[in-house]
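> First the structure, then my questions, so here it is.
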Amino acid sequence: MRKECSDTQAKRDRTALRLRRLGKSTGLSRTDIGILELLLRYETHAVFESMIDDIFGSSIMLKKALNLHGRAMSLILGLTANTVQSRLRDDAPLIRSGLVLIEDDGDLEVPRRLCRLVTVPGNANVDATSLLLDAAPQTDLEWADFDHFAADRDHIERLLAGALGSGKPGVNILIYGPPGTGKTEFCKALAARLDATLYSVGEADGRGDEPSRRERLSELRLAQRLVGKNSRALLLFDEMEDLMAGSFGGFARLRPLRSYRSRAAASKVFMHRMLERTPAPPQSTMTDMDEGSPATLR
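In this text, residue positions in the sequence shown follow UniProt numbering: the first is 1, and each later residue adds one.
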């Protein structure tokens, strides 16, 4: 009887199994997966959330029980506070990949899209990429429909083909022009031409609502992590000006006491590094080039 209870307790449910597969895809440690699972179950299970809130409560200083500066996470997971802090640094995998979001007040959250690990029915062993990312629908346009800029079109094709073949990071394609000129459809036609799967990033959050700039950035980082080693995957990020607009909103978790100028400079550096290191070639579209920083556009 005792052995049967032990075996039952040790058995992982569908969410836990999916998290393990996600961890393998994104290079997470067991500690990282434990932190992510706690945050995800807190976000998706009302009883679990209520229990943690009742035990640890909230204070004037901490709005949520699961806060970077609180004790709840380390006590629940049996980790030291220093260990938790180290796994939630700006350069740690959970943060770099966009899997965990940290508010200015230290509250910890997961992207809404991650709730699919809990809510989507089906096999526990489903591929994390297909579960969390949405493939862009195919276009009705042909390659010849873009003959009016054939030289640039063919140059982009050769550039992306080389990037997919070599696996070198830092290749970014920016397509710009007025609305309705076929920017997105060209990206779809290009992916089909290269026999690559095109994943749309940041078009809608986990509930189908329009995502914030911060959420779009998080999804872009997660998508880069998920498909980084896939030589037949491309990313599509429409309306790139959303990320470039403003000085620092959503780009990184920065200390609120930093000056406006230092925060803007830090966000620009962050953006440049993300573009330089992107493992999967993203195709971004813009309608207004004036929204982008000249340094970032270069």
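Each residue gets a CB set at the ideal place from its N, CA and C atoms; glycine is no exception.
Taking V227 as the reference, give the member of R18, D152, D127 with the closest Cα.
For this step, residue 227 is matched to residue 227 along the sequence shown. The shortest C-alpha separation from V227 is found at D127.
> Just checking: is the beta-carbon of P169 within a distance shorter than 9 Å of some beta-carbon in chain D?
As a matter of chain content, chain D is missing from the structure shown, which is built from one protein chain.
> Mapping DSSP to helix, strand and coil, what is E210?
Here residue 210 corresponds to residue number 210 of the sequence shown, with the count starting at 1. Three-state DSSP puts E210 in coil, outside helix and strand.
> Please look up how many angstroms separate the CB atoms of residue 299 and K268, rounded, as I've assumed it's under 8 Å.
Because the chain is modelled from 1 through 298, residue 299 falls outside the range shown and cannot be assessed.
> Going by alpha carbons, who is nearest to D140 out of C187, R18, L174, D152?
The sequence position of residue 140 within the sequence shown is 140, counting from 1. For D140, the nearest C-alpha among the options comes from C187.
> According to the Cβ coordinates, are L77 and G34 closer than 9 Å?
Taking the sequence shown and counting its residues from 1, one reaches residue 77 at position 77. Taking the sequence shown and counting its residues from 1, one reaches residue 34 at position 34. Yes.
> May I ask you to report which of helix, strand or coil DSSP gives A46?
As a working mapping, residue 46 is identified with position 46 in the sequence shown. Three-state result, A46: helix.
> Whole angstroms are fine: how far does the CA of K11 sit from the CA of L254?
Here residue 254 is taken as the residue at index 254 of the sequence shown, counted from 1. Here residue 11 is taken as the residue at index 11 of the sequence shown, counted from 1. Residue confidence for L254 is low, a pLDDT of 35 falling below 50, so the modelled location carries little weight; the figure read from the coordinates is stated next. Roughly 40 Å separates the two Cα atoms.
> Could you check if P294 is buried or exposed, using at least 16 other CB atoms within 10 Å of its CB as the buried criterion?
Residue 294 sits at position 294 when you count from the first residue of the sequence shown. That one is exposed.
> For the beta strand (DSSP E) containing A65, name the first residue and the last one.
The residue labelled residue 65 in the question sits at position 65 within the sequence shown. Careful: A65 lies outside any beta strand (DSSP E) and carries neither H nor E.
> Please say whether E239 and T181 have beta carbons closer to each other than 9 Å?
For the purposes of this step, residue 181 is taken as the residue at position 181 of the sequence shown. For the purposes of this step, residue 239 is taken as the residue at position 239 of the sequence shown. No, Cβ-Cβ distance for T181 and E239 is not below 9 Å.
> Which residue's Cα is closest to the Cα of P137: S212, M289, L275, T184?
Numbered from 1 along the sequence shown, position 137 holds the residue referred to as residue 137. Out of S212, M289, L275, T184, T184 has the C-alpha closest to the C-alpha of P137.
> Can you have a look at I55 and say buried or exposed, based on whether 16 or more other CB atoms are within 10 angstroms of its CB?
Locating residue 55 in the sequence shown gives position 55, where the first residue counts as 1. Exposed, since its Cβ has fewer than 16 Cβ neighbours within 10 Å.
> Bridge partners for S284 per DSSP, in chain order?
Taking the first residue of the sequence shown as 1, we reach residue 284 at position 284. DSSP, once it has assigned bridges, lists L174, F237 as partnering S284.
> Bridge partners of I102, per DSSP?
Mapped onto the sequence shown, residue 102 falls at position 102. L108.
> Kindly give me the distance between the Cβ atoms of P281 and L160, rounded to whole angstroms, as I take these residues to be in contact under 8 Å.
Position 281 of the sequence shown, counted from the start, is the residue given in the question as residue 281. Position 160 of the sequence shown, counted from the start, is the residue given in the question as residue 160. Going by Cβ atoms, the distance from P281 to L160 rounds to 6 Å, so yes, they are a contact pair.
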